[in-house]
Amino acid sequence: MDKRKAELAASILIIFISAFIILNDNLVEGGVETDLGSMFLPRSLACLMILLALSMGCKSLKEIVKSKVVDVDEVIDINGFTGVFYYIGILFFYWLTMPYLGFMVSTFLVMISVAFLLGAKNWVRVMGMSIFLSAIIQYGAKEFLYVYLPTWNLF
Numbered sequence: 001m002d003k004r005k006a007e008l009a010a011s012i013l014i015i016f017i018s019a020f021i022i023l024n025d026n027l028v029e030g031g032v033e034t035d036l037g038s039m040f041l042p043r044s045l046a047c048l049m050i051l052l053a054l055s056m057g058c059k060s061l062k063e064i065v066k067s068k069v070v071d072v073d074e075v076i077d078i079n080g081f082t083g084v085f086y087y088i089g090i091l092f093f094y095w096l097t098m099p100y101l102g103f104m105v106s107t108f109l110v111m112i113s114v115a116f117l118l119g120a121k122n123w124v125r126v127m128g129m130s131i132f133l134s135a136i137i138q139y140g141a142k143e144f145l146y147v148y149l150p151t152w153n154l155f
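Numbering-wise (the UniProt record's numbering), the sequence shown opens with residue 1 and increments by one.
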């Protein structure tokens with residue numbers, strides 16, 4: 001399977017789902033009211049997902065339009081279910097370690113693990129984005145939504 005076509009299809013799907021979340025006012029009924037409203041977090045995350053999907057989709061579309069030869073790194077091996085089992089294992093790791101390591105550390109480790117499985121090349125950027133996104137989500141949940149995410153609990 002061509003990684004560029006899969007990335008383009010995934011980015012289009014993410015954009016459509018995010019647009020549905022942004023445009024639909026009937027997704028939340030009741031719930032806890034915050035200063036910013038009950039749809040603030042879903043809509044802000046949908047906007048973030050659109051930006052990330054656009055960056056992924058534009059890169060893939062440029063390479064498809066240029067008709068570059070597919071490299072060995074751009075072919076996804078679809079034989080077997082080992083990748084699916086790795087992702088399920090990462091999900092269980094996240095679920096089990098969240099109460100002990102806290103949101104920041106466990107989310108950082110999960111993002112690094114997924115980046116490793118996807119074959120990331122620029123590890124400085126991956127680590128920076130993992131720390132940045134974890135910190136932004138932690139801050140936004142605490143300050144705007146009044147939700148306190150789990151903290152480090154080992155000691």
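Just so it is clear, CB atoms sit at the ideal spot from N, CA and C, and this is done for glycine as well.
Since we're looking at a predicted model, the values are computed, not measured.
In the pairwise beta carbon analysis, the segment 8-16 is classified as touching the segment 53-64: at least three pairs are separated by under 8 Å.
With the rule of 3 Cβ pairs closer than 8 Å, the segment 143-153 counts as touching the segment 92-108.
If you keep only unbroken alpha helix (DSSP H) runs of at least 4 residues inside the UniProt domain "DUF1468" (10-150), you get 40-66, 82-117 and 123-143. With a 10 Å radius around the Cβ and a threshold of 16 neighbouring Cβ atoms, Ala-46 comes out buried. Nearest neighbour of Tyr-86 by Cα position, chosen from Leu-48, Met-127 and Val-114, turns out to be Val-114.
Apart from sequence neighbours up to five positions away, the residues of its chain that approach Ile-131 with a beta-carbon distance below 7 Å are Phe-108, ordered along the chain.
Contact annotation, Leu-117 with Gly-83: C-beta distance approximately 7 Å; criterion of less than 8 Å satisfied. For the options Pro-42, Ile-14, Ile-15 and Phe-16, the alpha carbon positioned closest to that of Asn-26 is the one of Pro-42.
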